[in-house]
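A short worksheet on the structure shown next.
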Amino acid sequence: MTADRLPTDGGMEVTIVDDPDAAGRAVAATISATVRRSRSCRLGLATGSTPLPAYRVLVRELGGTGTLDHVEAFLLDEYVGLSPDDPASYRATIRRELTDALGLPPESVHGPDTQFRSDGRDGPGVGLLEACERYERLLGIGVDLQLLGIGRNGHLGFNEPGAPFDSTTHVVALSDTTRSDNARFFPSPADVPTHAITQGLGTIRRAQHLVLAATGAAKAPAIAAALEGPLDESCPASALRLHRRVTVVLDRDAASALS
Ligand code: PGA
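Note that the sequence shown covers residues 1 to 259 in this note's numbering.
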């Protein structure tokens, strides 16, 4: 594996490696170091394809060691209207891909509560807005480390272009790009939910340490916009440049549009 480190302003370190597996190893090493260092660790997790190589490494290294009693996991976002048992829900996805194999009990895996009845209120009689406030309160001062992917349109979580940099956990209508990118996880494109609850950019920025991973040429324009374009709400990921500690892990394809 070769890795280049590019100098950036402020607290951002950019690491460029050869391929997605090497990116996975680099991300896993960062997460692992945080988990091992902390007596009580709040880990922000992302779903999607990008983190999967990192999750495989973490399961290999930390799974079954029985040393994760001090870890609590927090989802970045969740679709509205899917029960936590729906295989396409992010709660079910993260359990399947990571936390069950790590031995984290389901009650240590938190996410926005997005179940709702047809009247727009969820099971215990709480509406989506209240669910957002509850999740925001649960996140409190922020997680120790938040892992992030990036959308082709520069989104972070489900913060689509135009999202305010100081937003808190909120309900979003998903853009057409995002719905079509995520259609592969559903039986048909029409099954992709139209709304989600996401941590806001302000919520994400409360994390002590942000780790952004991107692999593949399709992400190159978004990475260039986030790291070198205007610091502007048209690219939600440009908000990362306002944070004091960001680790960006890219493979060569995702880094290919950087100057
Ligand atoms: P991906 O999604 O990892 O599946 O590319 C990332 C994102 O949309 O945030």
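Cβ atoms here follow ideal geometry from the backbone N, Cα and C, with glycine treated the same way. Only a predicted model underlies this, so the values are computations on that prediction, with no experimental measurement involved.
Can you tell me which residues form a DSSP beta bridge with residue i?
i           : result
residue 223 : According to DSSP, residue 223 bridges with nothing at all.
residue 170 : 198
residue 41  : 71
residue 109 : 73
residue 155 : The partner list for residue 155 (beta bridge, DSSP) is empty, contrary to what the question assumes.
residue 79  : 196
residue 146 : 44 and 210
Give the C-beta separation of residue i and residue j to the nearest angstrom, bearing in mind that I take them to be a contact with Cβ-Cβ under 8 Å.
i           : j           : result
residue 322 : residue 35  : Nothing about residue 322 can be reported from this structure: the residues present for the chain run from 1 to 259 only.
residue 81  : residue 193 : 5 Å
residue 221 : residue 257 : 6 Å
Cutting at 6 Å between CB atoms, please list the residues of its own chain near residue i, excluding the five before and the five after it.
i           : result
residue 239 : 165 and 201
residue 117 : With a pLDDT of only 46 at residue 117, under 50, the local geometry of the prediction cannot be trusted, and the value read off the model is given with reservation. Cβ within range, chain order: n/a, list empty.
residue 153 : 161 and 177
residue 248 : 14 and 212
residue 235 : 154, 225, 226 and 229
residue 12  : 246
Can you list, in chain order, the residues of its chain whose CB lies under 7 Å from that of residue i, leaving out five sequence neighbours each side?
i           : result
residue 47  : 90, 93 and 94
residue 168 : 136, 200, 202 and 203
residue 50  : 149, 213, 214 and 215
residue 219 : 150, 152 and 254
residue 138 : 110
residue 172 : 158, 160, 195, 196 and 198
residue 142 : 206, 207 and 208
residue 191 : none
Starting from the C-beta of residue i, find all residues in its chain whose C-beta is less than 8 Å away, skip the five residues before and the five after it, and write them out in chain order.
i           : result
residue 170 : 132, 197, 198 and 200
residue 259 : 224 and 228
residue 31  : 43, 54, 58, 145, 147 and 211
residue 66  : 103
residue 230 : 238
residue 52  : 24 and 97
residue 21  : 53
residue 87  : 93 and 96
residue 217 : 253, 254 and 256
- Give every residue whose Cβ lies closer than 5 Å to any heavy atom of the ligand PGA, listed in chain order. 48, 49, 50, 149 and 151
- Message: Check whether the segment 209–217 and the segment 174–192 are in contact - that is, three or more C-beta pairs closer than 8 Å.
- Response: no
- Message: Within 8 Å, do at least three Cβ pairs link the segment 71–81 to the segment 20–27?
- Response: no
- Spell out a yes or no on whether the segment 50–67 and the segment 93–103 are touching, meaning 3 or more CB-CB pairs, one atom from each, closer than 8 Å. yes
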